[in-house]
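Letter 398 of the sequence shown, counting from 1, is numbered 398 in full-length UniProt numbering, and no numbers are missing.
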Amino acid sequence: MGADVAKPNCWGADQLPQKIGKRDILARNYNSAGQDSFFLTTMGLPPADSVDNIVPADLNIPDNYVQHTLKTQKSRGPVTLNNLFSELNYLNCVILLVTPLLGLIGAFYTPLQLKTALFAIFYYYLTGLGITAGYHRLWAHRSYNASLPLQYFLCFLGAGAVEGSIKWWSRGHRAHHRYTDTDLDPYNAHKGFFYSHMGWMLIKPRRRPGVADVSDLSKNPVIKFQHRWYLPLILIMGFGVPTVIPWLLWGDAKGGYVYAGVLRLCFVHHSTFCVNSLAHWLGESPFDDKHTPRDHVITALATIGEGYHNFHHQFPMDYRNAIKWYQYDPTKWFIWSMQKLGLASHLKTFPDNEVRKGQLTMELKKLRQTQEKLAWPSDSNDLPVVSWESYQEQAKKRPLVLISGFIHDVATFINEHPGGAHLIVKFIGKDATTAFFGGVYDHSNAAHNLLAMKRVGVLHGGMPHGLDEKGVPPSQRLKIARYTELSSPYASSAAYSDGEGILG
Ligand SMILES: [Zn+2]
Ligand SMILES: [Zn+2]
Numbered sequence: 001m002g003a004d005v006a007k008p009n010c011w012g013a014d015q016l017p018q019k020i021g022k023r024d025i026l027a028r029n030y031n032s033a034g035q036d037s038f039f040l041t042t043m044g045l046p047p048a049d050s051v052d053n054i055v056p057a058d059l060n061i062p063d064n065y066v067q068h069t070l071k072t073q074k075s076r077g078p079v080t081l082n083n084l085f086s087e088l089n090y091l092n093c094v095i096l097l098v099t100p101l102l103g104l105i106g107a108f109y110t111p112l113q114l115k116t117a118l119f120a121i122f123y124y125y126l127t128g129l130g131i132t133a134g135y136h137r138l139w140a141h142r143s144y145n146a147s148l149p150l151q152y153f154l155c156f157l158g159a160g161a162v163e164g165s166i167k168w169w170s171r172g173h174r175a176h177h178r179y180t181d182t183d184l185d186p187y188n189a190h191k192g193f194f195y196s197h198m199g200w201m202l203i204k205p206r207r208r209p210g211v212a213d214v215s216d217l218s219k220n221p222v223i224k225f226q227h228r229w230y231l232p233l234i235l236i237m238g239f240g241v242p243t244v245i246p247w248l249l250w251g252d253a254k255g256g257y258v259y260a261g262v263l264r265l266c267f268v269h270h271s272t273f274c275v276n277s278l279a280h281w282l283g284e285s286p287f288d289d290k291h292t293p294r295d296h297v298i299t300a301l302a303t304i305g306e307g308y309h310n311f312h313h314q315f316p317m318d319y320r321n322a323i324k325w326y327q328y329d330p331t332k333w334f335i336w337s338m339q340k341l342g343l344a345s346h347l348k349t350f351p352d353n354e355v356r357k358g359q360l361t362m363e364l365k366k367l368r369q370t371q372e373k374l375a376w377p378s379d380s381n382d383l384p385v386v387s388w389e390s391y392q393e394q395a396k397k398r399p400l401v402l403i404s405g406f407i408h409d410v411a412t413f414i415n416e417h418p419g420g421a422h423l424i425v426k427f428i429g430k431d432a433t434t435a436f437f438g439g440v441y442d443h444s445n446a447a448h449n450l451l452a453m454k455r456v457g458v459l460h461g462g463m464p465h466g467l468d469e470k471g472v473p474p475s476q477r478l479k480i481a482r483y484t485e486l487s488s489p490y491a492s493s494a495a496y497s498d499g500e501g502i503l504g
């Protein structure tokens with residue numbers, strides 16, 4: 001299929017070759033397309049002479065692009081029962097809804113042979129890798145370099161997954177990463193599981209995806225080849241090859257067509273669609289929780305290793321999705337094997353030190369939540385400052401004990417004291433600091449933590465030095481503080497009330 005048969009509107013505006021100075025790039029960016037159907041974008045090529053001077057689609061992007069576009073760009077209204085039929089993308093509906101139906105009907109009339117079943121699973125993995133190792137990690141993210149034979153291999157396999165051309169797919173995916181969870185993300189997860197899974201393809205796009213540059217892909221001969229021959233390629237790789245191989249090798253053409261062709265295609269579709277739906281919905285956020293992507297082994301199992309999506313959105317140019325050796329990421333294993341065979345190189349990995357910072361931040365966030373759920377002692381800034389005389393006076397009315405400059409009301413604890421009530425009674429109205437810290441008994445951390453909860457005042461001039469950890473209960477010597485909270489609450493207090501003080 002050559003350029004001469006391409007329909008004029010088969011190309012999205014952002015897929016047109018862009019010449020410097022040819023026209024206003026800024027205006028074009030605002031109008032850059034993505035309204036294209038799943039399929040039609042992939043036919044035809046730009047005239048050969050216009051490919052050389054391609055410039056990035058976002059070369060002159062304004063600083064306020066996202067807010068400006070979201071505010072001013074028209075979007076199609078909501079899909080309702082009244083406008084449903086005019087809003088459907090019929091080609092995608094046929095591909096995504098009629099294909100599984102035909103597969104199920106075919107399966108009803110076609111016995112499944114073991115060899116055909118095994119071949120269908122094998123072909124599922126191969127065509128799935130065309131998307132995950134090819135479309136996704138190689139072309140959309142440039143996470144490694146592939147030799148020409150490997151590129152053609154992945155380009156053929158990717159065509160067998162029938163998910164649009166490399167260029168169309170990568171353009172949408174780059175917008176997904178760049179504008180995650182906004183309306184400029186073509187499969188915005190905030191629009192619901194079904195929408196991000198496949199709903200976005202069944203209806204006309206509600207607005208153009210945000211601008212994303214694919215000028216690097218426009219220059220790639222393998223991608224140009226796939227664009228030119230996309231329709232024959234999907235027929236050959238999607239249905240021809242999986243029919244012919246079982247036919248020639250064990251005489252099961254019909255089974256090959258139904259199971260390794262049609263039904264395998266449905267599995268590849270929904271497997272890879274899960275990256276946009278399930279991977280933004282199920283699991284944990286061990287690296288960052290700003291957006292919806294999540295890590296989960298079930299998603300990984302369903303998507304040939306693309307389930308560590310929280311990691312992937314943080315470090316999209318890393319050729320791995322799973323960073324631990326035991327996590328399920330066959331796409332990573334495939335790319336690594338290709339490197340060992342000399343077919344891939346420059347496998348990119350994000351610096352481990354920075355990956356671990358993300359993990360640490362998320363762990364600290366969780367610990368901070370635990371910290372906030374606990375009750376903590378009052379610190380010297382919150383307590384009344386009491387003179388020695390006032391302390392003596394008030395200790396006659398209730399059991400007050402001075403330790404490390406803090407006055408504690410131990411009324412509820414005297415009879416609970418493991419060492420016996422007499423040891424506490426003996427120190428009422430006195431300074432028990434030395435006795436508490438080893439003079440009589442070197443109290444446990446738990447005892448010190450509990451003691452701090454009984455603070456009712458601070459002795460004027462009696463606070464230990466701010467760096468003396470005796471004044472800080474062990475549970476507060478290491479704590480999680482936001483950067484705005486870093487001034488020490490235990491620095492010696494300048495607060496002074498009236499010398500008399502009021503004990504609560
Ligand atoms: Zn995602
Ligand atoms: Zn990605």
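No residue lacks a Cβ here, since even glycine has one placed at the ideal position from N, Cα and C. Note that the structure is predicted; figures quoted are calculated from it, not measured.
With a cutoff of 7 Å on beta-carbon distance, residue 303 and residue 275 are scored as near each other. For residue 204, same chain residues with a beta-carbon under 6 Å away, outside a window of 5 residues either side, are 87 and 89 in chain order. Under the DSSP definition of a beta bridge, residue 455 partners with 408. When DSSP reads this structure, residue 431 sits in a beta bridge with 402.
Beta bridge pairing from DSSP links residue 284 with 295. Burial is judged here by how many other beta carbons sit within 10 angstroms of a residue's own beta carbon; residue 167 has at least 16 and is buried. For residue 66, the enclosing alpha helix (DSSP H) has its first and last residue at 65-72. Nearest Cα to residue 381 within the set 460, 197 and 438: 460.
Within 6 Å of the C-beta of residue 293 there is at least one heavy atom belonging to ligand 1. Unbroken alpha helix (DSSP H) runs of no fewer than 4 residues, entirely contained in the segment 333-358, are not found.
DSSP places residue 212 outside both helix and strand once states are collapsed to three, so it counts as coil. Residue 88 is bridged by DSSP to 203. For residue 260, no pairing in a beta bridge is given by DSSP.
In the DSSP assignment, residue 168 falls within the unbroken alpha helix (DSSP H) covering 166-178. Burial check for residue 209: the Cβ neighbour count within 10 Å reaches 16 or more, so the residue is buried.
By the Cβ neighbour-count rule, residue 213 is buried, with 16 or more other Cβ atoms within 10 Å of its own.
Under the DSSP assignment, residue 228 falls in the alpha helix (DSSP H) whose first and last residues are 221-228. The beta carbon of residue 278 sits closer than 7 Å to the beta carbons of 299 and 302 from its chain, once the five residues preceding and following it are set aside; these are given in chain order.
With contacts defined as CB atoms closer than 7 Å, residue 268 and residue 124 qualify as a contacting pair. When the five nearest sequence neighbours on each side are left out, the beta carbons in the same chain lying within less than 7 Å of the beta carbon of residue 477 are those of 469, in order along the chain. C-alpha of residue 273 to C-alpha of residue 280: approximately 11 Å in a straight line. Only buried fits residue 394, as 16 or more other CB atoms lie within 10 angstroms of its CB. The three-state reading of DSSP puts residue 445 in helix, counting H, G and I together. Boundaries cannot be given for residue 476, as no alpha helix (DSSP H) includes it and DSSP labels it neither H nor E. Taking 7 Å as the cut-off, the beta carbon of residue 165 is found closer than this to the beta carbon of residue 226. Only exposed fits residue 62, as fewer than 16 other CB atoms lie within 10 angstroms of its CB. Non-local beta-carbon contacts of residue 286 in its own chain, meaning distances under 7 Å to residues more than five positions away in sequence, involve 295, 310, 359 and 362 in chain order. DSSP places residue 483 within a helical segment (H, G or I) once states are collapsed to three. Pairwise C-beta distances place the segment 372-386 in contact with the segment 446-460, as three or more of them are shorter than 8 Å.
Buried is the label assigned to residue 432, since at least 16 other Cβ atoms lie within 10 Å of its Cβ.
Residue 418 has its Cβ no nearer than 6 Å to any heavy atom of ligand 2. For residue 152, the enclosing alpha helix (DSSP H) covers residues 148-159. The beta carbons of residue 170 and residue 344 sit about 18 Å from each other, so the pair does not count as a contact at 8 Å. Exposure of residue 342 is indicated by the presence of fewer than 16 other C-beta atoms within 10 angstroms of its C-beta. Note on geometry: alpha-carbon atoms of residue 409 and residue 387 lie some 16 Å from one another.
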